[in-house]
Amino acid sequence: MNAVDAPVLAREPTLEEYGRMSPAAVRQVMRENRFTLRTTRNVALGHVQCALVVLPKSLAFDFLLFCQRNQRPCPVLDVTDPGDPEPRRIAPGADLRTDSPGYSVYRNGVLEGYRTDIVDLWRDDSVAFCIGSNTSCDLALRRAGVQTERNRWVLKTSVPTEPAGPFHGPLVVTMRWLTPKEALIATQLTGRFPFNHGAPIHIGDPAALGCDLERPMMGDPVPPIPKDVVPVFWACSMTPQAVAEVSGIELMITSAPSKGLISDLESDKVCAP
Numbered sequence: 000m001n002a003v004d005a006p007v008l009a010r011e012p013t014l015e016e017y018g019r020m021s022p023a024a025v026r027q028v029m030r031e032n033r034f035t036l037r038t039t040r041n042v043a044l045g046h047v048q049c050a051l052v053v054l055p056k057s058l059a060f061d062f063l064l065f066c067q068r069n070q071r072p073c074p075v076l077d078v079t080d081p082g083d084p085e086p087r088r089i090a091p092g093a094d095l096r097t098d099s100p101g102y103s104v105y106r107n108g109v110l111e112g113y114r115t116d117i118v119d120l121w122r123d124d125s126v127a128f129c130i131g132s133n134t135s136c137d138l139a140l141r142r143a144g145v146q147t148e149r150n151r152w153v154l155k156t157s158v159p160t161e162p163a164g165p166f167h168g169p170l171v172v173t174m175r176w177l178t179p180k181e182a183l184i185a186t187q188l189t190g191r192f193p194f195n196h197g198a199p200i201h202i203g204d205p206a207a208l209g210c211d212l213e214r215p216m217m218g219d220p221v222p223p224i225p226k227d228v229v230p231v232f233w234a235c236s237m238t239p240q241a242v243a244e245v246s247g248i249e250l251m252i253t254s255a256p257s258k259g260l261i262s263d264l265e266s267d268k269v270c271a272p
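One point on numbering: in numbering that gives the first Met the number 0, the residue at position 239 of the sequence shown is 238, and numbering is uninterrupted.
#1: Pick helix, strand or coil for residue 221, following the three-state DSSP scheme.
#2: Let me know if residue 110 comes out buried or exposed under the rule of 16 or more other beta-carbons within 10 Å of its beta-carbon.
#3: I need the straight-line Cα distance from residue 86 to residue 227, nearest angstrom please.
#4: Considering only their Cβ atoms, is the gap separating residue 196 from residue 245 smaller than 8 Å?
#5: Comparing C-alpha positions only, which one of 266, 224 and 173 sits nearest to residue 237?
#6: The beta strand (DSSP E) with residue 60 in it runs from where to where?
#7: Would you give the residue range spanned by the alpha helix (DSSP H) that residue 238 belongs to?
#8: What would DSSP say about residue 28, mapped onto helix, strand or coil?
#9: Helix, strand or coil for residue 135 per DSSP?
#10: Among 42, 31 and 34, which residue has its Cα nearest to the Cα of residue 20?
#11: Sort 82, 204 and 209 by Cα distance to residue 231 and report the nearest one.
#12: Quick test of your reading: residue 50 and residue 259, contact by CB under 8 Å. State the CB separation rounded to the nearest angstrom.
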């Protein structure tokens, strides 16, 4: 047992303790609905975090095809069998109905609200997709001298994804402001992590992607860009949320913003050498 796993049964861990905890211990806190942090960033550092998408089996093939056609924003790490909430390849023993700290529920393209569990919404034909997140690269970036704690936004673009069946919508990106040196390091380093969106898709002017700087999906409106930083853009695992809004699927469940599933996968082992 990890040294900081023992207290989780008595109290919620501190942020520092969360960073050193095992994925299973973190998921237990979430299952007990005791996770109160705004984000899962810096939790179980060094492990892959995943965004979730839950759909009925009748739409699962179309969504898998959508992911295959849009691998940069939607790199699939695991797909569950219909009705089975356990992601056996990436987190054996986990329960996708309870072990993520937040879920967004979309009905007919409208965000119905946020949940801390989806037990009552899970069906015998529910299929879950676990999609790699760029947050998984934060520890590697930090070790390489790239700051990860400030100046980051999640933005909708005017770039269309490639549709599949009923699924279509805009690409969503994560924009980070980095120094030129950090931008070079981050580009080279994240290119080793294809299951966590890989290298940036764009560096430079946000207008080239048609980014909505006034209404980020996460964060305050983007202020004027300082002269000493470079905007760097990665494809983002919140793209399915934008797709849910545009596609108007009858029922589509995704991760809540910034709240991912903590898998057992070690980030340094899910990458190119």
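Every residue, glycine too, gets a C-beta built ideally from N, C-alpha and C.
A quick note: this is a predicted structure, and the numbers were derived from the prediction, not measured.
This is what the structure gives:
#1: Residue mapping note: residue 221 aligns to position 222 of the sequence shown, counting from 1. Residue 221 falls in the coil class under three-state DSSP.
#2: Position 111 of the sequence shown holds residue 110. That one is exposed.
#3: Taking the first residue of the sequence shown as 1, we reach residue 86 at position 87. Taking the first residue of the sequence shown as 1, we reach residue 227 at position 228. Residue 86 and residue 227 have their C-alpha atoms spaced approximately 43 Å apart.
#4: By 1-based counting over the sequence shown, the position of residue 245 is 246. By 1-based counting over the sequence shown, the position of residue 196 is 197. Contact annotation: residue 245 and residue 196 have beta-carbon atoms that are not nearer than 8 Å.
#5: On the sequence shown, position 238 is the one that residue 237 refers to. Cα-wise, what sits closest to residue 237 is 173.
#6: For this step, residue 60 is matched to residue 61 along the sequence shown. From DSSP, residue 60 is part of no beta strand (DSSP E) but of the alpha helix (DSSP H) over 56 to 68.
#7: For this step, residue 238 is matched to residue 239 along the sequence shown. First-last of the alpha helix (DSSP H) with residue 238: 238 to 246.
#8: As a first step, residue 28 is located in the sequence shown; it is residue number 29 there, counting from the start. Helix, per DSSP.
#9: Here residue 135 refers to the residue found at position 136 of the sequence shown. Three-state DSSP puts residue 135 in a helix.
#10: Here residue 20 refers to the residue found at position 21 when the sequence shown is read from its first residue. When C-alpha distances from residue 20 are compared across 42, 31 and 34, the shortest belongs to 42.
#11: One-based indexing of the sequence shown puts residue 231 at position 232. Looking at the Cα atoms, 204 is the closest of the given residues.
#12: For the purposes of this step, residue 50 is taken as the residue at position 51 of the sequence shown. For the purposes of this step, residue 259 is taken as the residue at position 260 of the sequence shown. Indeed they touch by this definition, with Cβ atoms about 6 Å apart.
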